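Q: Numbering (the working numbering), first residue to last: 30 to 826.
Ideal Cβ placement from N, Cα and C applies to all residues, glycine included.
Nothing here was measured: the structure is a model prediction, and the numbers come from that model.
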């Protein structure tokens, strides 16, 4: 057996971490840079890997044998190696399996494994097997000159090899140059620097002649190798030589190794208790979900039992008949604890009996004189019914020994027993309320929620009767439109309070609204059975021309209304408008966000209560064949194809795209009177005649999220602000309630509703009518209010 095989066998048997690579990485350099003198040290040719392996093993075996016996290797073997090998450049990283500076090392895996011929690589591989001495002997035998030239390009390992069990790794280094490649100082006179920064000079090396003389004079020279890192020569001991001999004989390198040691089954004996699980992975999610197959199996068994397909056996019926109904103690636990009684087979939950009431100060045997009853109080106590009077009268005794026996003791014990076994027990949870302030919700202070309208700034006077409806223009808020019972439609300038224009119509105006389309600047008003469309005259010339073109009648119209030219008798000098004549009186108007559709509501119209009109086509249509309830208000969703219809009892949400009912909001019990949509479209305000304003969250429930009752009279109008988190309600009590209503983008957070201001004193209640309408300014935190006292007020922050 080759000595390389012996070293590899020792490595396989003693290696603690065989998974690390055997050959360390080296920097590529030519073969001539580290080849010692002599023909036997030439690298094998890459073209003949078989010859390289054979000659390498032969020369190594001979050199090792000669080193052990104290003689040099035969010259004929070196000559054979020289004749069979071709010198040439080689690479340390390319020799694995191709003959480029590497040989074959027989392993236990069935195939050859590469071994680097670089001395540093062999040292690293042998050290992993715990055979430092054998490696030193092998390196000494490879070079006939007795010296050792380790490859300077080899990258040193960081720290000791974790797979080595040799004590040589624990010996500190003599030179403190650090773990750096020695190739850095190859052509220098020093080998590195110490910890103080001083140069470490290289030791004087012996020449070839002196080495030859040492080999002839001393036998130790054959066992001496050179350590380039510590710059010293190391002599192998007899124990290390004996280790090499054992490796050559195919034995373990160490005598302490027992190949026939008794195997311990500490972790594999089935008789030992398995404390820890073998696999401790987390439970999969599927184990927490009810199995649908088990559910189907249970359903089949239940159906079979109900239909009588599965019956009890005669033995089971006989056992149940003999056992009878289950018997248990009614109030006692039969010696069981609370947990045992709760988990008993009867399935009854244990409820402890209520404790007796402890005596109070009224039962004192020596109370103060002012607590003793007089003769009149004693007579009144005796004449009163036993259920209505106290159980006992206070009495005074000089000492506790003078207190007589309690006459009602047996009676109270008897009543206690009756309560224990006759009265049912109910577990009641008590609220731990330390202070009444805990019952009040914690709301932010109004001064932290500004801005909101607080002060009366301006009054618009000109109407001769109650003002029914108001509407600021939705773009700039510069103009305010109002309609009253005096049959006039007025256009006001907001900042100055000047009435800029007046239209005299055929009858009382019940509702007004602006067309949301900015390029038209049209106003609409509900007058009797008509819906009147008029040009406002507040826009540029392009808007006026577009409004005139939109009001031009191209046909008689079709559907639920008749479109006619003209309409109102104007007080100003501008041209006429357009009118849509219906069959029933119109009470409210609602425009779509794009400005082409608008809806009119006639509460007394029955099947024609809601009519939708299209301005571009001059067409009207009745979307509902039958209305379930009297319609009060309608509204279009700002972004989705939803249509809100408020009846006296419910709010129905219709999907116009699917033409189906999407949702039905339940009322609070009163008759609904007004409706408003949040700019986001997911929240609805509804006022009813039970003096309440209900806030609905469409994403939460069909029932009101909050019911606000702050008015003393039914609310007449509700409104949302377009840009500020504000909403308001106006009622017949002459007040306007302003609220902070913050809607969060997070669906898990409920809206924050805080009352911030009550606007009162501006309107006078006339004929049980107060504030008829309210509307917010589109860009400022201002609010307009219209009342039955023919005044329009502006409140600012």
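Going by beta carbon distance, what residues of the same chain come within less than 7 Å of residue 345, once the five residues before and after it are set aside?
A: Here the set comprises nothing.
Q: List the DSSP bridge partners of residue 744.
A: Answer is 760, bridged to residue 744.
Q: Compute the distance between the beta-carbons of residue 704 and residue 714, then report whether it is under 9 Å.
A: In contact: residue 704 and residue 714 (Cβ atoms closer than 9 Å).
Q: Taking the runs of the beta strand (DSSP E) that are 3 residues or longer, which of them lie wholly in the stretch 609-666?
A: You should have 617-620, 626-630, 639-643, 648-650 and 660-665.
Q: Residue 392: which of 256, 422, 707 and 321 sits nearest, CA to CA?
A: The shortest C-alpha separation from residue 392 is found at 422.
Q: Using a Cβ-Cβ cutoff of less than 7 Å, which residues in the same chain neighbour residue 818 once the five nearest sequence positions on both sides are dropped?
A: 792, 793 and 795.
Q: When you compare only the Cα positions, how much space is there between residue 406 and residue 394?
A: Roughly 19 Å separates the two Cα atoms.
Q: Quick check on the DSSP output: the beta strand (DSSP E) that includes residue 825 runs from which residue to which?
A: That run of the beta strand (DSSP E) goes 820-825.
Q: Please name the residue, chosen from 340, 825 and 609, that lies closest to residue 556 on a Cα-to-Cα basis.
A: Looking at the Cα atoms, 609 is the closest of the given residues.
Q: Taking DSSP as the reference, what is the three-state secondary structure of residue 735?
A: In this structure, residue 735 counts as strand in the three-state DSSP scheme.
Q: Per DSSP, which one or two residues make a beta bridge with residue 803?
A: Looking at the DSSP assignment, residue 803 forms a beta bridge with 814.
Q: Using CA coordinates, which residue listed in 748, 779 and 778 is at the minimum distance from residue 766?
A: Considering only alpha carbons, the answer is 748.
Q: List the whole-angstrom C-beta distance separating residue 673 from residue 706, where the pair is believed to meet the contact cut-off of C-beta under 8 Å.
A: At roughly 7 Å, the Cβ-Cβ gap stays under 8 Å, so residue 673 and residue 706 are in contact.
Q: Under 7 Å Cβ to Cβ from residue 789, same chain only, skipping five residues before and after it: list those, please.
A: These residues qualify, in order along the chain: 763 and 764.
Q: Judging by CA-CA distance, which residue of 436, 379, 484 and 639 is the nearest neighbour of residue 813?
A: Ranking the options by Cα distance to residue 813, first place goes to 484.
Q: Got a sec, what are the start and stop residues for the alpha helix (DSSP H) residue 245 sits in?
A: Segment 237-246, the alpha helix (DSSP H) holding residue 245.
Q: Between the C-alpha atoms of residue 805 and residue 752, what's the straight-line distance to the nearest angstrom?
A: If you take the alpha carbons of residue 805 and residue 752, they lie about 10 Å apart.
Q: One question on the structure: do residue 780 and residue 739 come within less than 9 Å of each other, judged by their Cβ atoms?
A: Contact flag unset, no.
Q: Looking at the secondary structure, which residues open and close the beta strand (DSSP E) in which residue 771 lies?
A: Start and end: 765-771.
Q: Give a yes or no on whether the C-beta atoms belonging to residue 518 and residue 560 are separated by under 9 Å.
A: No, they are not a contact pair.
Q: My output table needs one value for residue 445: the three-state DSSP class, helix, strand or coil.
A: Reduced to three states, the DSSP call for residue 445 is helix.
Q: Just curious, the alpha helix (DSSP H) that residue 307 is in, first and last residue?
A: Where residue 307 is concerned, there is no enclosing alpha helix (DSSP H), given that its DSSP letter is neither H nor E.
Q: Does the contact criterion of 3 or more C-beta pairs under 8 Å hold for the stretch 612-629 versus the stretch 659-668?
A: These segments touch.
Q: For residue 287, does the count of other Cβ atoms within 10 angstroms reach 16, so buried, or fall short, so exposed?
A: Exposed, since its Cβ has fewer than 16 Cβ neighbours within 10 Å.
Q: In terms of alpha-carbon separation, which member of 800, 281 and 708 lies closest to residue 761?
A: Looking at the Cα atoms, 800 is the closest of the given residues.
Q: Where does residue 276 fall in DSSP's three states?
A: It is helical.
Q: Give me, in chain order, the residues of the same chain whose beta-carbon lies closer than 7 Å to that of residue 702; leave out the 5 immediate sequence neighbours on both sides.
A: Result list for residue 702: 661, 716, 717, 718, 743, 744 and 745, in chain order.
Q: Helix, strand or coil for residue 556? Go by DSSP, reduced to three states.
A: Strand at residue 556.
Q: Could you tell me how far apart the beta carbons of residue 581 and residue 568 are, in whole angstroms, since I believe they sit closer than 8 Å?
A: Actually they are not in contact, since the Cβ atoms of residue 581 and residue 568 sit about 17 Å apart, beyond 8 Å.
Q: Which partner residues does residue 786 have in the DSSP bridge list?
A: Paired residue(s): 767.
Q: Quick check: is any heavy atom of the ligand FMN less than 8 Å from the C-beta of residue 576?
A: You won't find the ligand FMN in this model; it holds no ligand whatsoever.
Q: Let me confirm a value: residue 768 is counted as buried when at least 16 other C-beta atoms fall within 10 Å, else exposed. Which label applies?
A: Counting Cβ neighbours within 10 Å, residue 768 comes out buried, since at least 16 surround it.
Q: Note down, in chain order, each residue of its chain lying with its Cβ closer than 7 Å to the Cβ of residue 506, except the 5 sequence neighbours on either side.
A: 523, 806, 807, 808 and 809, listed in sequence order.
Q: Buried or exposed, going by whether 16 or more other CB atoms sit within 10 Å of the CB of residue 408?
A: That one is exposed.
Q: Which same chain residues end up closer than 7 Å to residue 231 when comparing Cβ atoms and leaving out the 5 residues on each side of it in sequence?
A: The residues are 218, 219, 220 and 260.
Q: In or out: residue 823 buried (at least 16 other Cβ within 10 Å) or exposed?
A: By the neighbour-count rule (16 or more Cβ atoms within 10 Å), residue 823 is buried.
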